[in-house]
Amino acid sequence: MDPDHTDKPDHTVRADHDERPGRADRTGYRDATRVVHAGEPAPTPGTPFLPGPVLAAPYHLAADGPTGADAYGRADNPTVRALERAIGELEGGEVVAFASGMAAITGLLLATLESGDTVLLPSDGYFKVREFADTVLAGRGVAVHTVPTPGPYRLAEHSPRLVLLETPANPVLAVCDIAAVAASARDLGAVLAVDNTTATPLGQRPLALGADVVVASGTKALTGHSDLVLGYVATADTELAGQLRGWRSMTGAICGPFEAWLAHRSLATLELRLGRQETNAAAVVEFLSGRPEVTGLRWPGLDPLARRQLARMPGVVTFELADEAAATAFLRATTLIANATSFGGLHTSADRRAQFGDPVPAGLIRLSVGCEDPADLIDDLRAGLAAG
Ligand SMILES: *Cc1c(COP(=O)(O)O)cnc(C)c1O
Numbered sequence: 232m233d234p235d236h237t238d239k240p241d242h243t244v245r246a247d248h249d250e251r252p253g254r255a256d257r258t259g260y261r262d263a264t265r266v267v268h269a270g271e272p273a274p275t276p277g278t279p280f281l282p283g284p285v286l287a288a289p290y291h292l293a294a295d296g297p298t299g300a301d302a303y304g305r306a307d308n309p310t311v312r313a314l315e316r317a318i319g320e321l322e323g324g325e326v327v328a329f330a331s332g333m334a335a336i337t338g339l340l341l342a343t344l345e346s347g348d349t350v351l352l353p354s355d356g357y358f359k360v361r362e363f364a365d366t367v368l369a370g371r372g373v374a375v376h377t378v379p380t381p382g383p384y385r386l387a388e389h390s391p392r393l394v395l396l397e398t399p400a401n402p403v404l405a406v407c408d409i410a411a412v413a414a415s416a417r418d419l420g421a422v423l424a425v426d427n428t429t430a431t432p433l434g435q436r437p438l439a440l441g442a443d444v445v446v447a448s449g450t451k452a453l454t455g456h457s458d459l460v461l462g463y464v465a466t467a468d469t470e471l472a473g474q475l476r477g478w479r480s481m482t483g484a485i486c487g488p489f490e491a492w493l494a495h496r497s498l499a500t501l502e503l504r505l506g507r508q509e510t511n512a513a514a515v516v517e518f519l520s521g522r523p524e525v526t527g528l529r530w531p532g533l534d535p536l537a538r539r540q541l542a543r544m545p546g547v548v549t550f551e552l553a554d555e556a557a558a559t560a561f562l563r564a565t566t567l568i569a570n571a572t573s574f575g576g577l578h579t580s581a582d583r584r585a586q587f588g589d590p591v592p593a594g595l596i597r598l599s600v601g602c603e604d605p606a607d608l609i610d611d612l613r614a615g616l617a618a619g
């Protein structure tokens, strides 16, 4: 059998019995209800609420040629499609799931940008995206410009083919007005992509605010259990979604079915987790704002634009201690708060960002507030600050 043939990505919508959505349209429900039921198949007697992962590389083929059913696991998978339906219900677009947030972002950039194009990226956003642009994209003749997340966005000066926003930006939590940038991108015919990792689709829906594409890591708050790496692209542009499916199949950037299933299972508690993280972050911010060791305290909940644009505040807080030594002493002295990178999980964690090359002060700590009891977190923060 010709491998090109068995591999071929199939973009037709399947009508498999197992994959019928439970309701054609769950958008009328409120957020907590939507995440519990997102992407679930129709209730069929004798079947589970969320079917288990389908672990398959090749599938049986019909003897007389392609039927549109799955043929090979690098192209597609029913468990991945169920997760894509779930995230698609929340973002309001067609979703293509990837093996990581970076696989999704680099897939979008490589599949859409050509030599001679210009791309605008945040100067204060996820550091690996800038590294990728400065090395791989610049090396392929794409002009890379960076803009601080708050702007100003003078798009006409650069005539970009693609603008990537990250709001709130990671790690300094700067924000920008998505609808305003979307309006000027539309005037110039530029594609606007928004990294929605920090907010999650329950925090904001960039497609509804006028963005063309959402990219995100599913590794962080979306799934929130610190046990998987995953990413996705969401768009209302079915041609772009098809192009990205083709890209994913060629480059082998699909997520594994077990990760997709774990992610789908975790998604059901997104509203619960975000609610707890927001409450805990508010308590932590109140405590930190009264401490003399702490400067530069940032949380989207303190920012008027973020309060207008986001329905829920993320649990991510950043603050500065005097210097690297104070930050290191803080991380060593906390016992409940894990010294770990990443954010958005059940477990509260903190890391010193400068060590990863973020252009931030040496004493800057990013604190990801989890779902523990806030009084225990504050006790641990107090012990950490006392050691600095
Ligand atoms: C973590 C992160 C990414 C990359 O996601 P991975 O799943 O780690 O590849 C991209 N953007 C933002 C804002 C992130 O925080």
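The sequence shown begins at 232 in my numbering and counts up one residue at a time.
All C-beta atoms in this analysis are idealised placements derived from N, C-alpha and C, irrespective of residue type, glycine included.
Here the structure is a predicted model, which means the values were calculated and not measured.
Requested in this report: Return the chain-ordered list of same chain residues with a C-beta closer than 8 angstroms to the C-beta of alanine 618, the five sequence neighbours on each side being excluded.
Outcome: Around alanine 618: Ala560, Phe561, Arg563, Ala564.
Query raised in the report: With respect to 8 angstroms, is the separation between the Cβ of isoleucine 336 and the closest non-hydrogen atom of ligand 1 below this value?
Result: Judged by the Cβ position, isoleucine 336 qualifies as a neighbour of ligand 1 at the 8 angstroms threshold, a heavy atom of the ligand being closer than this.
**Report entry** Enclosing beta strand (DSSP E) for arginine 583 [first to last residue]
**Finding:** Taken as a continuous stretch (DSSP letters only), the beta strand (DSSP E) holding arginine 583 covers 580 to 583.
Query raised in the report: In terms of residue numbering, what span does the beta strand (DSSP E) encompassing glycine 527 cover?
Result: Residues 526 to 529.
Query - Residue of Pro297, Glu322, Val285 minimising C-alpha distance to arginine 257 - result: Of Pro297, Glu322, Val285, the residue nearest in Cα terms is Glu322.
Query raised in the report: Can you tell me where the beta strand (DSSP E) with arginine 597 in it begins and where it stops?
Result: Where arginine 597 is concerned, the enclosing beta strand (DSSP E) starts and stops at 595 to 599.
**Report entry** Inside the region 291 to 354 only - beta strand (DSSP E) runs reaching at least 3 residues
**Finding:** Listed in chain order, they are 325 to 329, 349 to 353.
Query raised in the report: Do you know offhand how far aspartate 430's Cα is from glycine 296's?
Result: Looking at the sequence shown, residue 430 is not aspartate but alanine. C-alpha separation (whole angstroms): 44 angstroms.
Query raised in the report: What number of angstroms, rounded off, separates the C-alpha of aspartate 468 from the C-alpha of leucine 475?
Result: Our two residues, aspartate 468 and leucine 475, have alpha carbons roughly 11 angstroms apart in a direct line.
Query - alanine 606 to alanine 514 span [Cα, whole Å] - result: Distance between the alpha carbons of alanine 606 and alanine 514: 9 angstroms.
Requested in this report: Kindly examine ligand 1 and report whether one of its heavy atoms sits closer than 8 angstroms to the Cβ of phenylalanine 574.
Outcome: At least one heavy atom of ligand 1 sits closer than 8 angstroms to the Cβ of phenylalanine 574.
**Report entry** Inter-residue Cα distance where the pair is threonine 349 and proline 383
**Finding:** In a straight line, the C-alpha of threonine 349 is about 17 angstroms away from that of proline 383.
**Report entry** Residues that DSSP places opposite tyrosine 463 in a beta bridge
**Finding:** DSSP lists Ala328, Ala447 as partners of tyrosine 463.
**Report entry** Under the three-state DSSP convention, the category phenylalanine 550 falls into
**Finding:** If DSSP states are grouped into helix, strand and coil, phenylalanine 550 belongs with the strands.
Query - alanine 569, DSSP secondary structure in three states - result: Three-state result, alanine 569: strand.
Query raised in the report: In this structure, does DSSP put alanine 374 in helix, strand or coil?
Result: Three-state DSSP puts alanine 374 in a strand.
**Report entry** Inter-residue Cα distance where the pair is valine 403 and arginine 529
**Finding:** Within the model, the alpha-carbon separation for valine 403 versus arginine 529 is close to 7 angstroms.
Requested in this report: With DSSP collapsed to three states, give me the class of leucine 433.
Outcome: DSSP, reduced to helix, strand and coil, places leucine 433 outside both helices and strands of the structure shown, so it counts as coil.
**Report entry** Cβ neighbour criterion (16 or more within 10 Å) applied to threonine 298
**Finding:** Only exposed fits threonine 298, as fewer than 16 other CB atoms lie within 10 angstroms of its CB.
Query - aspartate 426, enclosing beta strand (DSSP E) - first and last residue - result: Residue range 422 to 426 is occupied by the beta strand (DSSP E) that includes aspartate 426.
Requested in this report: Going by DSSP, name the residue or residues bridged to leucine 395.
Outcome: Among the bridge pairs identified by DSSP, leucine 395 is matched with Ala424.
Query raised in the report: Which residues in the same chain as glycine 627 place their Cβ atom closer than 7 angstroms to its Cβ, once the five residues preceding and following it in sequence are excluded?
Result: Here the chain comprises residues numbered 232 to 619, so residue 627 is not present and cannot be evaluated.
Query raised in the report: So what does DSSP say about proline 535, is it helix, strand or coil?
Result: Residue state for proline 535 is assigned as helix, using DSSP reduced to three classes.
Query raised in the report: Is the beta carbon of serine 580 within less than 8 angstroms of some heavy atom of ligand 1?
Result: False, no ligand heavy atom lies under 8 angstroms from that Cβ.
Requested in this report: Measure the Cβ-Cβ separation of glycine 347 and valine 373 and say whether it is below 9 angstroms.
Outcome: In this structure, the beta-carbon distance from glycine 347 to valine 373 falls below 9 angstroms.
Query - Among Phe587, Cys602, Gly601, the one whose alpha carbon lies nearest that of leucine 595 - result: It is Phe587 whose Cα lies nearest to the Cα of leucine 595.
Query raised in the report: With 16 as the cutoff for other CB atoms within 10 Å, does threonine 549 come out buried or exposed?
Result: Classification for threonine 549: buried.
Query raised in the report: Among all the DSSP beta bridges, which residues are the ones paired with proline 289?
Result: DSSP output for proline 289 lists Tyr303 as bridge partner(s).
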